[in-house]
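Asker: Using numbering that gives the first Met the number 0, you'd call the opening residue of the sequence shown number 0 and step up by one each time.
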Amino acid sequence: MKNPVHVEIQIDPKCHDPVILIRTDQKTPLVEDIVHAIESCMENSYPLIAGYRNSEMELLSQRDIIRVYVEARKVRICTGEGVYDSRKTLAWLETVLNPDRFVRISRFEIVNIRKIARFDFNIAGTVQIVFDDGSVTWAARRHVRAIQQALRCLEAGREE
């Protein structure tokens with residue numbers, strides 16, 4: 000049986016952080032499994048987040064969180080599986096969420112930049128954010144610079 004994956008390691012004294020490049024002709028379930036395994040290893044230092052729904056607690060992987068926001072004085076955690084309540088404050092969650100993945104976009108919201116499908120920059124200076132699941136939110140103008148910085152870091156990590 001042919002091995003479907005070729006693994007190659009290159010030692011580069013100039014490269015201080017590991018860079019993982021997956022070269023393939025199409026995105027397949029195997030490629031998605033590899034990415035998931037790598038992300039799981041990397042997330043070990045970031046805790047699971049407790050989400051509550053229907054009086055049940057679920058531990059949520061940070062990778063699955065789309066956004067965390069305040070609504071009606073309650074902190075909500077939105078994932079592809081639905082919306083959960085949090086018993087922690089938004090400020091506390093900001094300290095434990097992976098800073099390479101999450102960025103604050105307003106006083107009341109933190110988003111997972113890897114779940115963003117696109118931005119709509121309008122002439123008035125506001126920024127509409129559309130997520131992979133189709134949901135939409137708005138970024139405060141004062142946080143646009145932080146969003147741009149987070150995107151630059153994400154892009155630089157992909158280019159290396």
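From the three backbone atoms N, C-alpha and C, an ideal C-beta is built for every residue, glycine too.
Within the same chain, show all residues whose beta-carbon is closer than 8 Å to that of Ile-19, passing over the 5 residues directly before and after it, in chain order.
Answerer: Ile-37
Asker: Count the other CB atoms within 10 Å of the CB of Val-95; is the residue buried (16 or more) or exposed (fewer)?
Answerer: exposed
Asker: Beta-carbon within less than 6 Å of Asp-131's beta-carbon, same chain only, minus the 5 sequence neighbours each way: which residues are those?
Answerer: By the criterion of a C-beta distance shorter than 6 Å, Asp-131 is surrounded in its chain by Lys-114 and Ala-116, once the five residues flanking it on both sides are discounted.
Asker: Could you tell me whether the region 81-89 touches the region 138-154, using the rule of 3 or more Cβ pairs below 8 Å?
Answerer: The region 81-89 vs the region 138-154: no contact.
Asker: Kindly list the residues whose CB is nearer than 8 Å to the CB of Leu-59, restricted to its own chain and excluding five residues on each side of it in sequence; keep chain order.
Answerer: Leu-47, Ile-48, Ala-49, Gly-50, Ile-76, Thr-78 and Tyr-83
Asker: Name the two residues that bound the continuous alpha helix (DSSP H) containing Glu-93.
Answerer: 89-95
Asker: DSSP three-state label for Cys-77, please.
Answerer: strand
Asker: Can you name, in chain order, every residue of its own chain whose Cβ lies under 7 Å from the Cβ of Thr-23, other than the five neighbours on each side?
Answerer: Val-30
Asker: Just checking my contact of Arg-62 with Thr-136 at CB under 8 Å: how many whole Å lie between their CB atoms?
Answerer: In fact, because the Cβ distance is near 19 Å, the residues do not count as touching under 8 Å.
Asker: Rank Asn-111, Ile-104, Arg-140 and Ser-105 by C-alpha distance to the C-alpha of Asn-121 and give the top, closest one.
Answerer: Arg-140
Asker: At the level of alpha carbons, what is the spacing between Val-74 and Phe-107?
Answerer: 9 Å
Asker: Tell whether a beta-carbon distance below 7 Å holds between Val-102 and Ile-146.
Answerer: yes
Asker: Relative to the C-alpha of Arg-144, which candidate in Ile-104, Glu-57, Asp-99 and Gly-133 has its C-alpha closest?
Answerer: Nearest of Ile-104, Glu-57, Asp-99 and Gly-133 to Arg-144, Cα basis: Ile-104.
Asker: Quick check on the burial criterion: 16 or more other C-beta atoms within 10 angstroms. Buried or exposed for Thr-88?
Answerer: exposed
Asker: Could you pull out every residue in the same chain whose Cβ sits closer than 6 Å to the Cβ of Asp-119, ignoring the five residues on either side in sequence?
Answerer: Gln-127
Asker: In its own chain, which residues sit with a C-beta less than 7 Å from the C-beta of His-142, not counting the 5 before and 5 after it?
Answerer: If we look at His-142 and ignore the five residues flanking it on each side, its Cβ neighbours are Arg-103, Ile-104 and Ser-105.
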